[in-house]
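Let me begin by presenting the structure, written as structure tokens, before commenting on it.
There are 2 protein chains.
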Amino acid sequence: MSAAPFDWDRGFALDFALADGLSRTAVSTKRRLSQMRGMYSDGAAFEALLAKEDPLVYEFYELGAPDRPGGLAFGTSVTYPGRVGREYFMTKGHFHTILDTAEVYYCLSGQGVMLMENPEGDVTQAPLTPGQAVYVPGRFAHRSVNTGDTPLVTFFVFRGDAGHDYGTIEEKGFRNLIVERDGAPQTVGNPRWK
Amino acid sequence: MSAAPFDWDRGFALDFALADGLSRTAVSTKRRLSQMRGMYSDGAAFEALLAKEDPLVYEFYELGAPDRPGGLAFGTSVTYPGRVGREYFMTKGHFHTILDTAEVYYCLSGQGVMLMENPEGDVTQAPLTPGQAVYVPGRFAHRSVNTGDTPLVTFFVFRGDAGHDYGTIEEKGFRNLIVERDGAPQTVGNPRWK
Chain A
1 MSAAPFDWDR GFALDFALAD GLSRTAVSTK RRLSQMRGMY SDGAAFEALL AKEDPLVYEF
61 YELGAPDRPG GLAFGTSVTY PGRVGREYFM TKGHFHTILD TAEVYYCLSG QGVMLMENPE
121 GDVTQAPLTP GQAVYVPGRF AHRSVNTGDT PLVTFFVFRG DAGHDYGTIE EKGFRNLIVE
181 RDGAPQTVGN PRWK
Chain B
1 MSAAPFDWDR GFALDFALAD GLSRTAVSTK RRLSQMRGMY SDGAAFEALL AKEDPLVYEF
61 YELGAPDRPG GLAFGTSVTY PGRVGREYFM TKGHFHTILD TAEVYYCLSG QGVMLMENPE
121 GDVTQAPLTP GQAVYVPGRF AHRSVNTGDT PLVTFFVFRG DAGHDYGTIE EKGFRNLIVE
181 RDGAPQTVGN PRWK
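Line by line, the protein sequences are chains A and B. Start counting the first sequence at 1; every next residue gets the next number (the numbering used here). Start counting the second sequence at 1; every next residue gets the next number (the numbering used here).
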């Protein structure tokens, strides 16, 4: 969470540069590869990469929006380019704690995919390219995957009290993976999905 | 509302060009000057301008988000440059019907101001410049004002069931106006505010 004081009761403006998605005022939450053990399908490739370096996989903003159904949380998410074996760098992904709450993303730069799935087994995905908005309905876990060579930058908004459930995905994974085949992204079933 | 079919239950992507904010898929709602009679402070300047032309003042997207507290409505808003007398082109502005629901704006291009005020008389404003996000808290009416020479483009998100109350502002106006003085925007009290 950023240390900056935001006036959620009277409103405020906050900078997120269109060029790289980053704020010069707020402080981002960073996720390095070492914090994602068990989330990529190729465990050997994961350990081999981590033995060499611990890259920043993604960062995003948690501004401390009040936990109220009438409020909104917002910020940017930046997923960096890279792969673990054939699987592209991605966010951990999450359900909302209040499951039936939506999220909206608007892609500012980069190339990628939003993976979505609900507990009923509906699985879908949407392209993340500059100028594409993506509507993630309530009940759908969602994960951003960077399939390009540049940072994937999105602006996101969700309900202030929605909350994040990361544990379910950490345990079960997503039903689909996005992997590189012959230089292009391909969606494949996740053999380790529980 | 757009005729395009959007899958609010399973998610979808929709284009809003970063360059001009407009969608090539969805159809915008357009507000021309003739639809804003009584909303600008200089009535004579309003009638004089309208006698010459009926310019497009702003346009925005109403995608038909379901009326659910767990859903989100989103789109872009484009306010064109211009003035009625000394007062800059602006949106009608609105409260939400469910008053205590917030809205988030992210400015993609242009120069302007977000005017905000609540029924208790708290009045504030925030800059709209490229890369600035603005948090409009629940209870605050809000209006975008274009103080520049190019279209003012924002991406917005609010709760799916929030609704719009335009009537209160049409009747009462905003407490503050943004007018041009010596070539620069200035915030002044609205002498006609009720």
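Think of the CB as a built atom: it goes at the ideal place given N, C-alpha and C, for glycine as much as any other residue.
For a cut-off of 8 Å, the C-beta gap from G43 (chain A) to T79 (chain A) is around 21 Å, too long to register as a contact.
In the three-state DSSP reduction, I169 (chain B) falls in the helix class (H, G or I). Annotated three-state conformation of M39 (chain A) is coil, per DSSP.
In the three-state scheme derived from DSSP, where H, G and I count as helix and E and B as strand, F46 (chain A) is classed as helix.
The criterion of a C-beta distance shorter than 8 Å is satisfied by L115 (chain A) and N176 (chain A).
Contact between the stretch 99 to 106 of chain B and the stretch 135 to 143 of chain B is present, with at least three C-beta pairs closer than 8 Å. Pairing R10 (chain A) with P69 (chain A) gives a Cβ-Cβ distance that is not under 8 Å. The closest CA to that of P151 (chain A), considering only A:Q132, A:V157 and A:G110, is found on A:G110. Inter-residue distance for T29 (chain A) and K92 (chain A) is about 13 Å (C-alpha atoms, whole angstroms).
Ranked by how close their Cα comes to the Cα of P81 (chain B), the residues B:G71, B:E59, B:G75 and B:D67 have B:E59 in first place.
Residues of the stretch 133 to 144 of chain A that bring their beta carbon within less than 8 Å of a beta carbon in chain B comprise A133, V134, Y135, V136, P137, G138 and F140, in sequence order. Proximity of Y106 (chain A) to chain B, defined by a Cβ-Cβ separation below 8 Å, is satisfied. Within the DSSP bridge table, the entry for H94 (chain A) names A:H142 as partners. Between L50 (chain A) and S34 (chain A) a beta carbon distance of about 6 Å is seen, short of the 8 Å cut, so the two are scored as contacting. Here V188 (chain A) is exposed. Its C-beta has fewer than 16 other C-beta atoms within 10 Å. The CB of R10 (chain A) comes closer than 9 Å to the CB of M116, N118, D122, T124, P137 and F140 in chain B, given here in chain order. Across the stretch 84 to 111 of chain B, CB contacts with chain A closer than 8 Å involve I98, D100, T101, A102, E103, V104, Y106 and L108, in sequence order along the chain. Annotation: F174 (chain A) has no Cβ neighbours in chain B at a cutoff of 7 Å; minimum Cβ distance is about 14 Å. Ranking A:A13, A:F6, A:W8 and A:P5 by CA distance to the CA of A126 (chain B) puts A:A13 first. Using a Cβ-Cβ cut-off of 8 Å, V157 (chain A) is close to L72, F74, V104 and V157 of chain B, given in chain order. Distance from the CA atom of T76 (chain A) to the CA atom of A184 (chain B), rounded to whole angstroms, is 31 Å.
Contact between L72 (chain B) and A65 (chain B) holds, since their C-beta atoms are separated by about 7 Å, short of 8 Å. G38 (chain B) counts as exposed, since fewer than 16 other beta carbons sit within 10 angstroms of its beta carbon. One thing to note: D7 (chain A) has its Cβ no nearer than 8 Å to the Cβ of D161 (chain A). Contact annotation, L108 (chain A) with T154 (chain A): C-beta distance approximately 7 Å; criterion of less than 8 Å satisfied. It is roughly 7 Å from the alpha-carbon of F174 (chain A) to the alpha-carbon of E117 (chain A). Contact of L152 (chain A) with chain B is not assigned, every C-beta pair being separated by 8 Å or more.
Taking each of B:V157, B:E170, B:S41 and B:G131 in turn and checking the Cα distance to T25 (chain A), the smallest one comes out for B:G131. Not a single CB atom of chain B sits nearer than 8 Å to the CB of G163 (chain A).
Look at P127 (chain B): its C-beta is under 8 Å from a C-beta on chain A.
About 18 Å separates the beta carbons of V145 (chain B) and V104 (chain B), which is beyond the 8 Å limit, so they are not a contact pair. Under the 8 Å criterion on CB atoms, F16 (chain B) is classed as interfacial with respect to chain A. Across the structure, A45 (chain B) and A19 (chain A) are spaced so that their CA atoms are roughly 40 Å apart. When the five nearest sequence neighbours on each side are left out, the beta carbons in the same chain lying within less than 8 Å of the beta carbon of K194 (chain A) are those of E171, K172 and G173, in order along the chain.
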